[in-house]
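Report on the structure given below.
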Amino acid sequence: MKRLFEIDPRDYDPAGETVRRPSARGIIFRDEKILVIFSTANHYYKLPGGGIEPGEDAKTAMIREVREETGYTVIPDTVREFGSVRRIQKGKHEPVFIQDNDYFLCEVEEQQGRPELSPLEAEEGFTPVFLALTEAIRVNEEYAASHPCAMMERELGVLRILAGLNPA
């Protein structure tokens with residue numbers, strides 16, 4: 199998969215033990231709006247997706263994560279690779295944390311089911327919404343100004359790339 203960009207603040211000991219947590223995320227447009235997850239607790243948007251479980255490939259994980267976080271079912275024949283973002287940094291508990299985030303363009307069925315949020319996602323108040331790409335970028339830029347973090351840098355980077363490919 200094509201590397202879109204890398205986030206590497208070089209805040210770790212390169213000789214330290216490495217922990218990897220790959221993830222997969224969906225990019226879904228409908229009526230010129232993008233499907234994102236809004237955190238009602240923290241007021242930011244993220245693309246639906248999450249960690250790849252043992253025995254899963256990235257595409258399967260993305261389909262599962264989109265269903266769990268949004269309630270929408272991905273149409274498997276519509277899935278196409280978009281690109282990946284690598285994040286390397288000192289982890290909370292790991293000397294070196296590496297996360298490869300694979301992004302897929304896809305479509306979902308019209309009917310929305312009920313999301314199946316983890317306790318942490320429910321605490322964040324994750325709510326799926328379709329909205330203008332420019333609005334997601336605006337809100338995330340405001341959030342990032344006071345809460346700089348690698349997750350927001352990743353999401354903003356991908357949203358900005360999408361804005362160049364799909365002007366609002």
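Heads up, the sequence shown is in this note's numbering, so the first residue is 199 and it goes up one at a time.
Just so it is clear, CB atoms sit at the ideal spot from N, CA and C, and this is done for glycine as well.
The structure displayed is predicted, hence computed values, not measured ones.
Residue i, DSSP secondary structure in three states
i: residue 254; result: coil
i: residue 247; result: strand
i: residue 325; result: strand
i: residue 239; result: coil
i: residue 334; result: helix
i: residue 262; result: helix
i: residue 320; result: helix
i: residue 224; result: strand
i: residue 229; result: coil
Span separating the alpha-carbon of residue i from that of residue j
i: residue 205; j: residue 299; result: 11 Å
i: residue 200; j: residue 292; result: 27 Å
i: residue 347; j: residue 234; result: 18 Å
i: residue 258; j: residue 226; result: 16 Å
i: residue 210; j: residue 297; result: 14 Å
i: residue 377; j: residue 350; result: It is not possible to answer for residue 377, since the shown part of the chain is limited to 199 through 366.
i: residue 213; j: residue 302; result: 32 Å
i: residue 290; j: residue 217; result: 11 Å
i: residue 360; j: residue 337; result: 16 Å
i: residue 221; j: residue 252; result: 11 Å
i: residue 272; j: residue 315; result: 17 Å
i: residue 230; j: residue 362; result: 14 Å
i: residue 354; j: residue 254; result: 27 Å
Integer Cβ distance of residue i from residue j, believed to fall under 8 Å
i: residue 266; j: residue 326; result: Residue 266 to residue 326, Cβ: 11 Å. No contact.
i: residue 245; j: residue 269; result: About 15 Å; that fails the 8 Å criterion.
i: residue 276; j: residue 305; result: 4 Å
i: residue 352; j: residue 283; result: 5 Å
i: residue 250; j: residue 331; result: In fact, because the Cβ distance is near 26 Å, the residues do not count as touching under 8 Å.
i: residue 286; j: residue 274; result: Incorrect: roughly 31 Å between the Cβ atoms, too far for contact.
Next on the checklist: Does the region 231-247 come into contact with the region 317-329, if we say contact requires no fewer than three beta-carbon pairs (one atom in each stretch) closer than 8 Å?
Outcome noted: The answer is yes - the region 317-329 touches the region 231-247, with three or more Cβ pairs under 8 Å.
Next on the checklist: At 4 residues or longer, what runs of the alpha helix (DSSP H) sit wholly inside the region 340-365?
Outcome noted: For the region 340-365, whole alpha helix (DSSP H) runs of length 4 or above, ordered along the chain, are 348-363.
Checklist entry - Where are the beta strand (DSSP E) runs, 3 residues long or more, that stay fully inside the region 266-297, in chain order? => result List check, beta strand (DSSP E) in window: 270-272, 278-287.
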